[in-house]
Amino acid sequence: MALGLWAYVAKRILFMIPVLLGTCLAVFLLLQLAPGDPVLLLAGERATPERMERIRHEWGLDRPAYIQFFYFMSRIVSGDLGMSIVRRMPVAQLLRDALPVTIELNVVALAVSLAIGIPAGVISAVRYGSLVDQTALVAALIGVSVPSFWLGIILMLVFSVQLRVLPTSGYGTFAHVVLPAIALGTAGAALLSRITRSGVLEVLVTDYIRTARAKGLAERVVIYKHVLKNAMLPVVTVLGLNLGWLLAGSVVLETVFARPGMGRLLVTGILSRDYPVVQGMLLILAVCVMLANLLADLFYAVLDPRIRFD
């Protein structure tokens with residue numbers, strides 16, 4: 500089992516290489532096609548053509564696109580994410596400063612999704628067809644439909660401006676992460692509740708659940724020991740995909756709540772045409788999403804011992 504597991508992990512990591520190569524190529528081409536010129540932003544609108552040409556040569560922007568892509572990939576292979584054109588700092592250093600902020604937000608948002616979504620889904624399935632089930636369905640539809648940035652602004656107006664119990668923006672204490680985490684985790688909670696409900700409903704009608712109830716086991720034991728564990732496989736799949744949604748949502752919410760994370764750094768890099776920052780950030784985000792999906796696949800074996808990686 501252990502040998503098969505490590506072989507599976509090695510195979511998945513090898514499959515990540517062409518995906519990362521395609522991601523790098525797509526990001527590079529999109530940045531090349533994007534309107535705007537970073538040299539103009541650096542030199543200013545009144546800069547002379549000679550100064551703009553000197554800056555363009557300094558950063559290698561006067562080379563053909565395929566040469567720029569070759570140097571970009573050679574730096575990536577050596578572990579160098581490049582130098583920020585605007586900030587004049589290594590992208591790796593900017594990443595080290597921004598990554599903990601984004602991880603904190605995503606971890607708390609994921610905890611919000613799990614704490615709300617899974618219990619709501621279980622209760623909705625156990626009380627199938629009741630008013631509680633219908634209310635949970637409506638709440639889930641609203642949660643999925645509401646944009647996270649709009650919900651974040653509403654939460655800010657209510658809890659920061661009107662009630663003055665939580666800060667409007669910033670980073671440093673747990674109070675600063677509460678509102679953006681709720682706004683970011685709401686859509687995930689709504690989706691998890693529906694996936695959990697569907698999984699629990701499928702397991703509730705199986706023969707071994709009828710047998711467990713016939714043995715006189717308490718309903719709570721039946722639900723949490725037998726039903727929930729076997730209904731978690733689709734939930735784990737959604738959790739693996741949910742990390743990508745959380746990272747995408749944090750790009751906007753970190754800007755709304757002025758959090759100095761990867762999302763805000765990515766937005767400022769796009770607006771200033773800071774190519775190395777955007778390329779480095781998107782590459783790291785792609786790696787995080789692929790690793791999350793790999794961990795989700797490995798966690799299947801924990802929930803279902805019948806799964807083998809031979």
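Letter 301 of the sequence shown, counting from 1, is numbered 800 in my numbering, and no numbers are missing. Just so you know, even glycine gets a beta-carbon here, dropped at the ideal spot from N, CA and C. Remember, predicted model here, so these are calculated numbers, not experimental data.
**Prompt:** Taking C-alpha atoms, which residue in A546, A635, V660 lies nearest to P618?
**Reply:** Within the sequence shown, numbered from 1, the residue matching residue 618 stands at position 119. Residue A635 holds the alpha-carbon nearest to the alpha-carbon of P618 among A546, A635, V660.
**Cβ-based burial, S577 [other Cβ within 10 Å; buried from 16]** = Counting from 1 along the sequence shown, the entry for residue 577 is found at position 78. When all chains shown are included, S577 counts as exposed.
**Request:** Assign E549 to buried or exposed, taking buried as 16 or more other Cβ atoms, counted over all protein chains shown, within 10 Å of its Cβ.
**Result:** Here residue 549 refers to the residue found at position 50 when the sequence shown is read from its first residue. Counting Cβ neighbours within 10 Å, E549 comes out exposed, since fewer than 16 surround it.
**Asked** On the premise that L752 lies in contact with G762, defined as a C-beta separation below 8 Å, what is that separation, rounded to the nearest angstrom?
**Response** As a first step, residue 762 is located in the sequence shown; it is residue number 263 there, counting from the start. As a first step, residue 752 is located in the sequence shown; it is residue number 253 there, counting from the start. About 7 Å separates the beta carbons of G762 and L752, which is inside the 8 Å limit, making them a contact pair.
**Continuous alpha helix (DSSP H) stretch holding D773: start and end** = Counting from one through the sequence shown, the residue named residue 773 turns up at place 274. Run containing D773: none; DSSP gives neither H nor E here.
**Message:** Quick check on the DSSP output: the alpha helix (DSSP H) that includes Y565 runs from which residue to which?
**Reply:** What you label residue 565 is simply residue 66 of the sequence shown in a count that begins at 1. Unbroken alpha helix (DSSP H) run through Y565: 564–576.
**Prompt:** Along the chain, which unbroken stretches of the alpha helix (DSSP H) at least 4 residues long are found entirely within the stretch 591–664?
**Reply:** If we require 4 residues or more, the alpha helix (DSSP H) runs fully inside the stretch 591–664 come out as 630–644, 647–654.
**Item:** Straight-line gap, L683 to G642 (C-alpha atoms, nearest Å)
**Value:** Counting from one through the sequence shown, the residue named residue 683 turns up at place 184. Counting from one through the sequence shown, the residue named residue 642 turns up at place 143. Each residue's CA atom was taken as its position, placing L683 and G642 some 10 Å apart.
**Asked** What are the residues that DSSP puts in a beta bridge with P589?
**Response** Reading the sequence shown from its first residue, position 90 is the one you call residue 589. Paired residue(s): M582.
**Message:** For the pair the stretch 779–786 and the stretch 519–528, tell me if three or more CB-CB distances fall below 8 Å.
**Reply:** Taking a cut-off of 8 Å for Cβ pairs, the stretch 779–786 and the stretch 519–528 touch, as three or more such pairs fall below it.
**Prompt:** Can the beta-carbon of L593 be found closer than 8 Å to that of R586?
**Reply:** Position 94 of the sequence shown, counted from the first residue, corresponds to residue 593. Position 87 of the sequence shown, counted from the first residue, corresponds to residue 586. Result yes, Cβ atoms of L593 and R586 sit closer than 8 Å.
**Request:** For the stretch 717–766, list the alpha helix (DSSP H) runs that are entirely contained and at least 4 residues long, ordered along the chain.
**Result:** Complete alpha helix (DSSP H) runs here, min 4: 732–755.
**Asked** Distance, Cα to Cα, V645 vs A686?
**Response** Sequence index remark: in the sequence shown, residue 645 carries index 146 (1-based). Sequence index remark: in the sequence shown, residue 686 carries index 187 (1-based). When rounded, the distance between both Cα atoms is 8 Å.
**Request:** Take the Cβ of P534 as the centre, count every other Cβ of all protein chains shown within 10 Å, and call the residue buried at 16 or more, exposed below.
**Result:** What you label residue 534 is simply residue 35 of the sequence shown in a count that begins at 1. Around the C-beta of P534, fewer than 16 other C-beta atoms lie within 10 Å, and the residue is accordingly described as exposed.
**Message:** Taking the alpha carbon of I566 as the reference point, which residue from I516, P599, L700, L528 has its own alpha carbon closest?
**Reply:** Within the sequence shown, numbered from 1, the residue matching residue 566 stands at position 67. Checking every option, the nearest Cα to that of I566 belongs to L528.
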